[in-house]
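Numbered per the UniProt record's numbering, the sequence shown finishes at 184, counting up by one with no gaps.
The C-beta atom is built at its ideal place from N, Cα and C for all residues, glycine as well.
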Amino acid sequence: MENSLKKLRNWDNCTEILERFVDEIEQAEASQVELAGQLGFMYTGAGTDFEKEKMKLLVWSKKQELYTKAVEIMSVRQPISESRNRARNVGTTLKEKIYESINGQKGAVLRLINQFNKVNKAYLEKYDQEALNDPKYQALSWDLFASKKLEDIFWNEAHFYHSQAPWAVSLDVRKGIRPFLMVD
């Protein structure tokens, strides 16, 4: 132990140790920068519009809350769907209870829809005016929400998952992928 303390007290040894630490830190930093470049915008500071990314994440967060409600409503509605598909009768009383349960959730869903529309409109006004002016664009409403299936492309917007490839961002490209795969 005394021998180790003598080595640490020797200035040449200390500078050598410090230089090794600095080299290791620089190597670690270089590998982290390389990894950050591979991971994308969330991990780099160069050329990233953080305000845009924050707004994207906020829209995505609201959409996830809506998706949770959609799953809940779909699970409540499941007996009615099965009765149409598999010829299993669901009585009038049960149907009334199911629709009453769905209507009981309508208030909470409408609040979420309003929050989503507000955040989404702010994002589109600031960063994607073209999509906002598109005649196909319409704000989410209860009827539109209730008509969407869980597999709908609305729930799977890949541009919120950090991909900027055309297949992930363009609705036209994504709509064309499925028919092409079916033909293939």
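Spatial distance of residue i from residue j (CA atoms)
i	j	result
residue 121	residue 172	21 Å
residue 140	residue 80	24 Å
residue 119	residue 13	59 Å
residue 15	residue 2	19 Å
residue 127	residue 52	7 Å
residue 177	residue 183	10 Å
residue 91	residue 134	44 Å
residue 194	residue 93	The requested residue 194 does not occur in the structure, where the chain is confined to residues 1 to 184.
Where residue i falls, given that 16 or more other Cβ within 10 Å makes a residue buried
i	result
residue 116	buried
residue 50	exposed
residue 21	exposed
residue 145	buried
residue 71	exposed
Same chain, Cβ closer than 8 Å to residue i, neighbours up to 5 away in sequence not counted
i	result
residue 130	none
residue 112	62, 65, 66 and 69
Cβ shell of residue i (< 7 Å), same chain only, five flanking positions each side left out
i	result
residue 151	none
residue 74	150
residue 137	131
residue 76	98, 101 and 102
residue 154	148
Chain-order list of residues whose beta-carbon lies under 6 Å from that of residue i (same chain, five-residue window excluded)
i	result
residue 123	55 and 59
Item to complete: For the segment 22-37 and the segment 93-103, state whether three or more C-beta atom pairs, one from each stretch, are separated by less than 8 Å.
Response: No: the two stretches stay apart, fewer than three of their Cβ pairs being nearer than 8 Å.
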